[in-house]
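Peer 1:
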Amino acid sequence: MDIIQHLLGGFLIAFEPLNLGLVVVGVTVGLFIGAMPGLGSVNGVAILLPLTFLVPPTSAIIFLAAIYYGAMYGGAISSIMLGIPGASTAVATTFDGRPLALKGLADKALIAAAMASFFGGTISIILFTGFAPALASVALDFGDQEIFALMLLAFATFVGLGGDDIAKTVFSICIGLVFSAVGMDIISGTPRLVFFDIIGFLHGINFLVLAIGVYGIGEMLWTIDSTRGNPMMSKVEISASRTISHMKDVVTEWKPAWIGSLLGFFVGILPAAGATPGALMAYGISKMTSKNPENYGKGDVGGVIAPEAANNAASTGAMLPMLTLGIPGSPTTAILLGGMVIWGLVPGPMMFIEQSDFVWGLTASLYAANFFAVIINILFIPVFLYVLKMPFTVLAPIIFVLCLVGGYAPTEDMHDVWLMVLFGFGAYALRKLDYPLAPAVLAIVLGPIAEPALRQSLIISGGDATVFFTRPIAGPITMIAIVLLLLPLVQVFRKKRKQAKNAGV
Amino acid sequence: MRRAELVTAVLLAAFSIYLMWKSTELNIGWVKHEGPGGGAWPFWLAAIMLICNIWTIVNWVRRATPQSRSQDQFMDAHAIRMLLLVGGSVVALVAMVHVIGVYGAVPVFMLFYLRVLGRHGWVPTLVISGTAPVVIFFFFDVAMRIVLPKGYLEPLFYPLYDIFL
Chain X
1 MDIIQHLLGG
11 FLIAFEPLNL
21 GLVVVGVTVG
31 LFIGAMPGLG
41 SVNGVAILLP
51 LTFLVPPTSA
61 IIFLAAIYYG
71 AMYGGAISSI
81 MLGIPGASTA
91 VATTFDGRPL
101 ALKGLADKAL
111 IAAAMASFFG
121 GTISIILFTG
131 FAPALASVAL
141 DFGDQEIFAL
151 MLLAFATFVG
161 LGGDDIAKTV
171 FSICIGLVFS
181 AVGMDIISGT
191 PRLVFFDIIG
201 FLHGINFLVL
211 AIGVYGIGEM
221 LWTIDSTRGN
231 PMMSKVEISA
241 SRTISHMKDV
251 VTEWKPAWIG
261 SLLGFFVGIL
271 PAAGATPGAL
281 MAYGISKMTS
291 KNPENYGKGD
301 VGGVIAPEAA
311 NNAASTGAML
321 PMLTLGIPGS
331 PTTAILLGGM
341 VIWGLVPGPM
351 MFIEQSDFVW
361 GLTASLYAAN
371 FFAVIINILF
381 IPVFLYVLKM
391 PFTVLAPIIF
401 VLCLVGGYAP
411 TEDMHDVWLM
421 VLFGFGAYAL
431 RKLDYPLAPA
441 VLAIVLGPIA
451 EPALRQSLII
461 SGGDATVFFT
471 RPIAGPITMI
481 AIVLLLLPLV
491 QVFRKKRKQA
501 KNAGV
Chain V
1001 MRRAELVTAV
1011 LLAAFSIYLM
1021 WKSTELNIGW
1031 VKHEGPGGGA
1041 WPFWLAAIML
1051 ICNIWTIVNW
1061 VRRATPQSRS
1071 QDQFMDAHAI
1081 RMLLLVGGSV
1091 VALVAMVHVI
1101 GVYGAVPVFM
1111 LFYLRVLGRH
1121 GWVPTLVISG
1131 TAPVVIFFFF
1141 DVAMRIVLPK
1151 GYLEPLFYPL
1161 YDIFL
């Protein structure tokens, strides 16, 4: 067994004192960066990339991969504790993580997130080890048509399974997509939707501006309003026995964990798709296959497990095309790729032969990073829970300040901070009228992927939209998406017939 | 709530029409050899938004949604007071950043929020308002190299830059 031999060699590299130390430091730093609203794995990896020139390339990428992993774990923390997604990949985690925290089960949600992340990460590293080159070639067959079909599926999941008012859900998706179109038209290169000719709109609307506006400011205003200023954040006690019983509960939820891991891994491999759509789809499918889908969105542990397993699995999956083909599967891996080029490593099929020490050292350290991330994460849970125990009038201003700096950090432009405040007030009003806002936040993330995919598909086909149905992979995905879109109509029809029947009796 | 539902739907419909009009600044049709023009994507999405708003208005007329039947006040006295105090202080926080920077605005905002809105004692108020900017400075300016705006307080930071950056 070649692979096992290579892997053992890899572990020898990963367990060198320098590398092991870097894994532990990287995971811890990543955890905190990921937990900050406004900063995600991209920021952490990008900012710390220059520091890694001090160590050999293998150690450097091990350190960066550890930060990447840590940040994936950390993103769940602010999603659960504050209801603000720490990064786009953790948006789906807020749907059930936040309600769990409000029910006083924040510790359970955090443990579920940590264990699911570990599970998703581990499964995908095993898949990564076993099938790296083979899977990369399947993903390469994914063209624009398939990517657009996947995006359609992601949105259809919301309409079909959201359970909210359909008109308002579709409105929310479309407004998010339109906001994502602000800035430059990527194909013709002309400015587009520059409202009132304000220069700040030229660089587009960063998804974090909308996400922090909606989940930070809007959500806080709504919470203070709806609870008359006295919200009980949670009454969480921490004890070893409670932690162990939560762990036992989480272990029984194997189905969402598997769905998340496998789906996340495969979506992660797809170039340009990455962890965000992976997590969302895992949430949707896990809800669809659940015995009690009506509990989703109200605090079901499965709703935390599926997206968390998926986003970690996807982050490993995204490294696969980066290493085997030189195509990054996510923004973070794009930066890692940039780093590799600076270190003089050429990614591609030859890398597994010429740089096998590097590849297997990295693979083995992914196992190690995952292992340390789950331990460090669980050890820090009491610290995170302590934050929740603060009186709300202390927590609220801290969250507002985090929103301010978090909104400023990605683009370093005050225009974005003002826009974020505006979105916050808008979100507060819409939230009162039951407009679902999560679809808008996801749409602004997926819009820049969906639009070019659609336009390029149409250019290739000469304007023939049937390509989305006739291509072997895109076809079934599009069909599932359409079925999901029509699902609510069928339900309405069935309800009416039932009512008519009852009235007849 | 019923009136707010209609007003919001009408305002959002107007916004959708504005977005459609704004999209027509670019080509919204089919450009030969280039595929759909740059305006097509936002134009048709805004058109769907408009349809959704009309749908919501139809639901309102038919009283089909909970909001269109609700007799509750959309903004009661508590909500208005909260919005003015909390929302107003957030707007003030952002506005102050332009003048006295993050490190001036954050302590002022925290002092106001903790002492006036939260009615906390002076000791916790001062400790939290004092710690926050220090933590932010070391995390953002020093560790992450994201230089936050300082406004007119910039000169005060020159010695700190010399030491940490």
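Chains as they are written, first to last, in this note's numbering: chain X, 1 to 505; chain V, 1001 to 1165. Don't be surprised by glycine CBs; every beta carbon is placed ideally from N, CA and C. The model shown is predicted, which means the values in this text are computed figures rather than measured ones.
Quick check on Pro1124(V): does DSSP put it in helix, strand or coil?
Peer 2: helix
Peer 1: Of all the options Val1102(V), Phe1015(V), Phe1139(V), which has the alpha carbon lying nearest to the alpha carbon of Phe1164(V)?
Peer 2: When only C-alpha atoms are compared, the closest one is Phe1139(V).
Peer 1: Count the CB pairs spanning the region 215-225 of chain X and the region 409-429 of chain X that are closer than 8 angstroms, and state whether there are at least three.
Peer 2: Contact check between the region 215-225 of chain X and the region 409-429 of chain X: three or more CB pairs, one atom from each, fall below 8 angstroms, which counts as touching.
Peer 1: Answer yes or no: does any C-beta atom of chain V fall closer than 9 angstroms to that of Ser188(X)?
Peer 2: yes
Peer 1: CB of Gly475(X) to nearest heavy atom of the ligand SAH: below 8 angstroms?
Peer 2: The ligand SAH is not part of this structure, which contains no ligands at all.
Peer 1: For chain V, check one thing: does any of its Cβ atoms lie closer than 9 angstroms to the Cβ of Leu454(X)?
Peer 2: yes
Peer 1: Output, in sequence order along the chain, the residues in the region 1054-1086 of chain V whose CB is closer than 8 angstroms to any CB in chain X.
Peer 2: Trp1055, Thr1056, Asn1059, Thr1065, Pro1066, Gln1067, Phe1074, His1078, Ala1079, Met1082, Leu1083, Val1086
Peer 1: Buried or exposed: Ile381(X), going by 16 or more other Cβ atoms within 10 Å of its Cβ?
Peer 2: buried
Peer 1: Cα separation between Ile4(X) and Tyr69(X)?
Peer 2: Each residue's CA atom was taken as its position, placing Ile4(X) and Tyr69(X) some 23 angstroms apart.
Peer 1: For Phe459(X), which residues in chain V fall below 9 angstroms Cβ to Cβ?
Peer 2: The question names Phe, but residue 459(X) is Ile in the sequence shown. Ordered by position in chain V, the residues that pass the 9 angstroms Cβ test against Ile459(X) are His1033, Glu1034, Gly1035, Pro1036.
Peer 1: Give the interface partners of Lys498(X) over in chain V, defined as CB-CB distance under 7 angstroms, in chain order.
Peer 2: In chain order: nothing, as chain V lies at least about 17 angstroms away.
Peer 1: If you draw a straight line from the alpha carbon of Gly344(X) to that of Val421(X), how long is it in whole angstroms?
Peer 2: 44 angstroms
Peer 1: Starting from Arg1145(V), trace the alpha helix (DSSP H) in both directions and tell me its first and last residue.
Peer 2: Element bounds for Arg1145(V): n/a, residue is neither H nor E.
Peer 1: Where does Met350(X) sit, in a helix, a strand or coil, going by DSSP?
Peer 2: coil
Peer 1: Apart from the five residues on each side of it in sequence, which residues of its chain come closer than 6 angstroms, Cβ to Cβ, to Met1049(V)?
Peer 2: Ser1016
Peer 1: Buried or exposed for Phe195(X), please, with buried defined as at least 16 other CB atoms from any protein chain shown within 10 angstroms of its CB.
Peer 2: Classification of Phe195(X): exposed, given that the 10 Å Cβ count is below 16.
Peer 1: My parser needs the alpha helix (DSSP H) runs of 4 or more residues fully inside the region 10-76 of chain X; what are they?
Peer 2: 17-35, 41-48
Peer 1: Shorter than 9 angstroms from the beta carbon of Tyr408(X) to some beta carbon of chain V?
Peer 2: yes
Peer 1: In chain V, which residues lie less than 8 angstroms from Met414(X) when you measure between Cβ atoms?
Peer 2: Val1094, Val1097, His1098, Pro1149
Peer 1: Using a Cβ-Cβ cut-off of less than 8 angstroms, give me the residues of the region 1109-1123 of chain V that come near chain X, in sequence order.
Peer 2: Going along the region 1109-1123 of chain V in chain order, one finds Phe1109, Met1110, Tyr1113, Leu1114, Leu1117, Gly1118, Arg1119, His1120 with a Cβ nearer than 8 angstroms to chain X.
Peer 1: Which runs of the alpha helix (DSSP H) spanning at least 4 residues fall entirely within the region 397-448 of chain X, listed in chain order?
Peer 2: 414-432
Peer 1: With three or more C-beta pairs closer than 8 angstroms as the rule, is the region 479-495 of chain X touching the region 210-219 of chain X?
Peer 2: no
Peer 1: Alpha carbon to alpha carbon, how far is Gly121(X) from Ala181(X)? Give it in angstroms, no decimals.
Peer 2: 33 angstroms
Peer 1: Does the beta-carbon of Gln1067(V) have 16 or more other beta-carbons within 10 angstroms, so that it is buried, or is it exposed?
Peer 2: buried
Peer 1: Measure the C-alpha to C-alpha separation of Gly1104(V) and Gly86(X) and round it to an integer number of angstroms.
Peer 2: Their backbone Cα atoms lie some 26 angstroms apart in a straight line.
Peer 1: Can you list the residues of chain V that Pro397(X) reaches, using a CB-CB cut of under 7 angstroms?
Peer 2: Under the 7 angstroms cutoff, chain V gives Phe1109, Met1110, Tyr1113, Leu1114.
Peer 1: Can you pull out the residues from the region 461-481 of chain X whose beta carbon lies closer than 7 angstroms to at least one beta carbon of chain V?
Peer 2: Gly463
Peer 1: Does the beta carbon of Phe1157(V) sit closer than 9 angstroms to a beta carbon anywhere in chain X?
Peer 2: no
Peer 1: Under 9 angstroms, do Phe155(X) and Ala440(X) count as touching if we go by C-beta distance?
Peer 2: no
Peer 1: Is it the case that the region 244-262 of chain X contacts the region 102-120 of chain X, given that we only count it when at least three CB pairs across the two stretches are under 8 angstroms?
Peer 2: yes
Peer 1: Within the continuous alpha helix (DSSP H) that includes Arg1167(V), where are the two ends?
Peer 2: Shown here, chain V extends from 1001 to 1165; a query on residue 1167(V) therefore has no answer.
Peer 1: Return the first residue and the last residue of the alpha helix (DSSP H) that Thr1056(V) is part of.
Peer 2: 1040-1062
Peer 1: Please identify the residue among Gly9(X), Leu262(X), Val24(X) whose C-alpha is closest to the C-alpha of Ile125(X).
Peer 2: Leu262(X)
Peer 1: May I ask which residues mark the beginning and end of the alpha helix (DSSP H) holding Leu102(X)?
Peer 2: 91-102
Peer 1: Anything in the region 150-180 of chain X with a Cβ closer than 7 angstroms to a Cβ of chain V? List those residues in chain order, please.
Peer 2: So the list reads Asp165, Ala167, Lys168, Val170, Phe171, Cys174, Ile175, Leu177, Val178, given in the order they occur along the chain.
Peer 1: Measure the alpha-carbon distance for His1098(V) versus Ser1129(V) and round it to whole angstroms.
Peer 2: 19 angstroms
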